[in-house]
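Read in the numbering used here, the sequence shown has 197 at position 3, and its numbers run on one by one without any break. The beta-carbon is built from N, C-alpha and C at its ideal position, and this holds for glycine as well.
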Amino acid sequence: MLVDDTFNHKIYSELSVVSEKITRTIFYKGMDVDLAQFMLERSIQMLPEGHQFTYDKRLRYPALIRMTKDVLFPLINSWQTPILYIIATDGFKQFHHPSYEEGIDYLNKHSSVVQLELAGPHHIHMTNTDEVSAAVIDFLGLDQDVQDSQKTDPPPPTFEFKACSHR
């Protein structure tokens, strides 16, 4: 009989130790330990013995079904919305997987997707927030200084009462 260990994760006594350990892994490299702990707190449960991850282990396995080029490339061609694709230098890009490289090459040749490579780890949107937000503001054609200067408190609501007469 098979034992279902889908959610049977190791139990950790100290969350801070796990947080520090995770920041040394490839996808969390450069992340602040407190930020790593914040992310961990979303995916753990407290047990009398300690902390245990709650995610489904099957999510960590490669998918059995991936989009083929015959499905993915026409989908890319159908996009009509401007898209900014931020690539972290220390993210998935560093693995140089052939299908990733082929997909990026196709984006370069056949789409208007704007690709921007920024130095940082896989979770660059959490570790390099200033650079990422500046890139998004620039992509959207916004001027951050103008946006900041135009922020004002909305006027308080006004109410108008009218007398009603019942006949």
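N-terminal and C-terminal residue of the beta strand (DSSP E) that residue i is part of
{"i": "Val-308", "result": "308-315"}
{"i": "Leu-241", "result": "238-241"}
{"i": "Gln-246", "result": "244-247"}
{"i": "Leu-334", "result": "First-last for Leu-334: undefined, no H or E at that position."}
Alpha carbon of residue i to alpha carbon of residue j, nearest angstrom
{"i": "Leu-278", "j": "Met-261", "result": "21 Å"}
{"i": "Ala-230", "j": "Glu-214", "result": "8 Å"}
{"i": "Asp-332", "j": "Met-233", "result": "28 Å"}
{"i": "Tyr-222", "j": "Leu-336", "result": "30 Å"}
{"i": "Ala-426", "j": "Thr-283", "result": "Past the boundaries of the shown model lies residue 426; the chain is included only from 195 to 361, so the question cannot be answered."}
{"i": "Ala-328", "j": "Leu-334", "result": "10 Å"}
{"i": "Lys-204", "j": "Thr-321", "result": "27 Å"}
{"i": "Pro-242", "j": "Val-330", "result": "44 Å"}
{"i": "Thr-217", "j": "Leu-209", "result": "13 Å"}
{"i": "Asp-324", "j": "Val-227", "result": "19 Å"}
{"i": "Gln-274", "j": "Val-326", "result": "23 Å"}
Counted within 10 angstroms of its Cβ, other Cβ atoms place residue i as buried (16 or more) or exposed
{"i": "Met-240", "result": "exposed"}
{"i": "Met-195", "result": "Any answer about Met-195 is weak, because its pLDDT of 40 lies below 50 and its placement is not dependable; what the coordinates show is given next. Its Cβ having fewer than 16 others within 10 Å, Met-195 is exposed."}
{"i": "Asn-302", "result": "exposed"}
{"i": "His-304", "result": "exposed"}
{"i": "Pro-292", "result": "exposed"}
{"i": "Val-211", "result": "exposed"}
{"i": "Pro-268", "result": "exposed"}
{"i": "Ala-357", "result": "Summary for Ala-357: the model assigns pLDDT 49, below 50, so the residue's position carries little reliability, and this model does not support an answer."}
{"i": "Val-175", "result": "Since the first residue shown for the chain is 195 and the last is 361, residue 175 is missing from the structure and cannot be characterised."}
Integer-rounded CB distance, given that residue j should sit under 8 Å from residue i
{"i": "Gly-285", "j": "Ile-318", "result": "7 Å"}
{"i": "Ser-237", "j": "Thr-248", "result": "6 Å"}
{"i": "Ile-270", "j": "Tyr-294", "result": "That belief does not hold up - the Cβ atoms of Ile-270 and Tyr-294 are roughly 14 Å apart, past 8 Å."}
Alpha helix (DSSP H) segment containing residue i, residue limits
{"i": "Asp-284", "result": "Careful: Asp-284 lies outside any alpha helix (DSSP H), inside the beta strand (DSSP E) at 278-284."}
{"i": "Asp-264", "result": "263-272"}
Does the region 296-316 come close enough to the region 268-278 that 3 or more CB-CB pairs lie under 8 Å? yes
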